[in-house]
Amino acid sequence: MPHNVLFIMSDEHQQKAAGCYGHSFVKTPTLDRLAESGTRFTNAYTTSPICVPARASFATGRYVHDIGYWDNAHAYEGRVEGWGHAMQKAGMHCLSIGKLHYRSEEDPTGFSQQVVPLHIVGGEGSVSGCVKQPLGPPIKKSKLAIEIGPGESGYTRYDQSIMENTCEWLRDEAPKHSDQPWALFCSFVCPHYPLIAPPEFYEMYPHDILEHPKGNDLDYDLHPWIEKMQKLNCHDDFFTEETRKVAIASYYGLCSYLDSNIKKVLDTLEACDLRDDTLIVYTADHGENLATRRLWGKSNMYEESAAIPMILSGPGVAAGKVVNTPVTLADGSATILEAVGLGEETIIDGRALQEIANEPDDMDRVAFSEYHANGADTASFMIRKGNFKYIHYVDYEPELFDQENDPEEENNLATDPTYASTLADFHAELIKRIDPEAVNAAAQAAQAALVEAAGGREAVLNKGSFQGTPAPGEKAEYVQ
353 MPHNVLFIMS
363 DEHQQKAAGC
373 YGHSFVKTPT
383 LDRLAESGTR
393 FTNAYTTSPI
403 CVPARASFAT
413 GRYVHDIGYW
423 DNAHAYEGRV
433 EGWGHAMQKA
443 GMHCLSIGKL
453 HYRSEEDPTG
463 FSQQVVPLHI
473 VGGEGSVSGC
483 VKQPLGPPIK
493 KSKLAIEIGP
503 GESGYTRYDQ
513 SIMENTCEWL
523 RDEAPKHSDQ
533 PWALFCSFVC
543 PHYPLIAPPE
553 FYEMYPHDIL
563 EHPKGNDLDY
573 DLHPWIEKMQ
583 KLNCHDDFFT
593 EETRKVAIAS
603 YYGLCSYLDS
613 NIKKVLDTLE
623 ACDLRDDTLI
633 VYTADHGENL
643 ATRRLWGKSN
653 MYEESAAIPM
663 ILSGPGVAAG
673 KVVNTPVTLA
683 DGSATILEAV
693 GLGEETIIDG
703 RALQEIANEP
713 DDMDRVAFSE
723 YHANGADTAS
733 FMIRKGNFKY
743 IHYVDYEPEL
753 FDQENDPEEE
763 NNLATDPTYA
773 STLADFHAEL
783 IKRIDPEAVN
793 AAAQAAQAAL
803 VEAAGGREAV
813 LNKGSFQGTP
823 APGEKAEYVQ
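The letter at position 202 of the sequence shown is residue 554 when you use this note's numbering, and the numbering goes up by one with no holes.
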């Protein structure tokens with residue numbers, strides 16, 4: 353029987369940073385209860401570990417190389433139709449509240465209504481991330497390392513507005529659409545930087561409980577592709593040991609602040625007697641490195657960056673179940689359409705999470721991800737299947753990790769002769785799906801054209817980047 357959908361997405365929520373995913377001290381009681389009432393996916397991944405491509409993939413149910421939204425300047429504008437368009441054609445109401453990170457509010461992106469939307473800056477986004485061959489110079493200033501600690505930011509205020517608008521819609525507008533299913537995409541920006549957390553949440557995480565980040569040492573061996581990215585986006589160089597702890601405590605505080613806003617939304621859903629007829633999905637667009645390997649932000653295929661929380665709760669969803677089948681953001685579109693009764697609509701790359709959850713674990717299912725954006729010398733691709741993760745870097749040596757025995761991904765098996773056949777099998781799995789060199793060439797050609805249209809390499813680099821899209825009503829501050 354068709355039902356409503358409340359799809360909640362956060363920005364940059366590392367899968368590990370939640371109690372229900374096993375973190376020893378991060379407090380996310382709302383998400384923990386949601387997982388207890390529904391099904392939690394352990395092997396959930398972004399389709400691209402950066403905002404704009406990930407969200408375009410979610411909107412369309414297709415992979416980035418199929419749709420051409422390569423980076424944070426190639427933003428979704430509705431050219432490739434997605435779940436929202438299908439609902440509109442069926443006469444159903446679908447709206448967004450909060451961050452979309454599409455090109456502009458005027459584009460036909462499938463929503464009947466956009467409330468307090470956040471889109472790329474000026475319809476242009478971050479063109480500096482398109483500069484390749486060679487990459488631009490290292491950053492000279494890190495807002496990420498400066499804007500930290502207890503307090504209030506444009507993002508925390510924005511999330512409060514998103515929460516309030518969502519609760520208001522559920523109370524006042526949802527009853528007007530009771531004749532057919534609706535979908536509400538509630539999209540928070542926390543815990544994305546600036547890493548400034550409300551004091552009561554920051555204080556939950558005293559510095560003495562914070563561990564030294566994995567690989568945050570100068571003698572830690574980095575893969576050459578990762579090392580090049582770290583030298584370009586060298587945010588960690590701007591931290592001291594103490595300020596790094598301030599930032600990490602703030603990040604965890606923002607996770608708890610996010611959880612508190614989700615609680616208010618779910619409490620309102622319950623109070624309005626909508627809970628029993630609404631499928632709830634919680635996920636994130638990607639994760640956060642949080643100083644591991646001296647990296648901040650996202651942009652790679654390690655678990656901290658690529659793995660995301662994925663929780664399903666509602667009609668027909670088993671309570672307290674844990675699913676190990678690999679899933680991705682591309683499955684979100686099929687999930688929504690299946691819930692509202694439009695499951696026959698074609699979603700090329702995704703499959704409804706409800707169906708996956710009601711079947712035995714299928715560890716042969718592939719989770720696929722790719723990255724072409726800021727700091728990437730060449731494209732990277734990920735295949736997660738069975739107990740292994742394979743990372744392919746164009747023009748660089750690959751990585752292979754045993755996720756069961758090496759969950760921290762510190763032992764690259766790609767050079768171990770014992771795993772030569774496994775490596776070959778995973779490479780064949782990749783080649784079956786794409787031509788890595790051809791996809792890389794297509795992405796870089798599109799990026800070069802965008803840079804040229806923006807005035808050329810020097811003009812783009814001289815303009816700088818804004819290191820994070822400002823909240824609505826705030827001005828972008830460009831830095832070198």
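Note that CB positions come from ideal geometry on N, CA and C, so glycine has one too.
Per DSSP, cross-strand counterpart(s) of residue i
i	result
L447	Q465 and L536
K673	T391
L642	DSSP, once it has assigned bridges, lists no residue as partnering L642.
G501	I548
T680	Y397
L470	K451
S721	M734
M361	S539 and T635
A408	A408 is not bridged to any residue.
L837	Since the first residue shown for the chain is 353 and the last is 832, residue 837 is missing from the structure and cannot be characterised.
A659	Y397
N356	T630
Rounded separation between residue i and residue j - CA only
i	j	result
W534	Y830	39 Å
L606	H471	21 Å
L447	E594	42 Å
G695	W435	10 Å
M444	R455	23 Å
L496	K737	34 Å
E756	L570	27 Å
R646	G567	7 Å
G702	I688	11 Å
T412	E810	34 Å
S817	A425	11 Å
P550	Y557	12 Å
V833	T518	Lying before the first or after the last residue shown, residue 833 is absent from the chain, which here runs from 353 to 832.
P576	P750	10 Å
F704	L452	Looking at the sequence itself, residue 704 is Ala, so the reference to Phe does not match. Whole-angstrom Cα-Cα distance: 22 Å.
G420	S732	15 Å
E457	G475	9 Å
A406	E555	32 Å
Y603	G825	23 Å
T394	M361	17 Å
P490	R717	38 Å
Top-ranked residue by Cα proximity to residue i, from the options
i	options	result
A766	R785, I783, Y745 and K784	Y745
Q799	E504, T508, C482 and P550	C482
S480	G488, H355 and A601	G488
R596	L681, N676, D531 and S494	S494
S409	T774, N395 and G430	G430
I743	V669, G374, S651 and N676	S651
E516	I449, A686, A599 and V598	I449
A670	T644, H638 and A709	A709
E760	S657, K379 and H544	S657
D768	S608, L752, E781 and D777	L752
P565	V692, A728, D625 and E640	E640
Host alpha helix (DSSP H) of residue i (start-end)
i	result
N613	E593 to A623
K580	P576 to L584
T630	From DSSP, T630 is part of no alpha helix (DSSP H) but of the beta strand (DSSP E) over T630 to A636.
K815	R809 to K815
Y830	Counting along the chain, Y830 falls outside any alpha helix (DSSP H), and DSSP gives it neither H nor E.
K741	Counting along the chain, K741 falls outside any alpha helix (DSSP H), though it belongs to the beta strand (DSSP E) covering F740 to Y745.
A798	P788 to A805
T774	A772 to R785
K441	W435 to K441
Q706	L705 to A709
V349	The shown model of the chain, from 353 to 832, leaves out residue 349, and the question about it has no answer.
H529	It is not in any alpha helix (DSSP H) - H529 carries neither H nor E in the DSSP assignment.
V416	V416 to I419
With 16 other Cβ atoms within 10 Å as the buried cut-off, status of residue i
i	result
T770	exposed
V791	buried
T635	buried
F377	exposed
D573	exposed
Q366	buried
Q485	exposed
G649	buried
K492	exposed
E722	buried
N356	buried
Extent of the continuous beta strand (DSSP E) to which residue i belongs
i	result
M734	S732 to K737
I663	M662 to S665
I514	That residue, I514, is in no beta strand (DSSP E); its alpha helix (DSSP H) goes G506 to D524.
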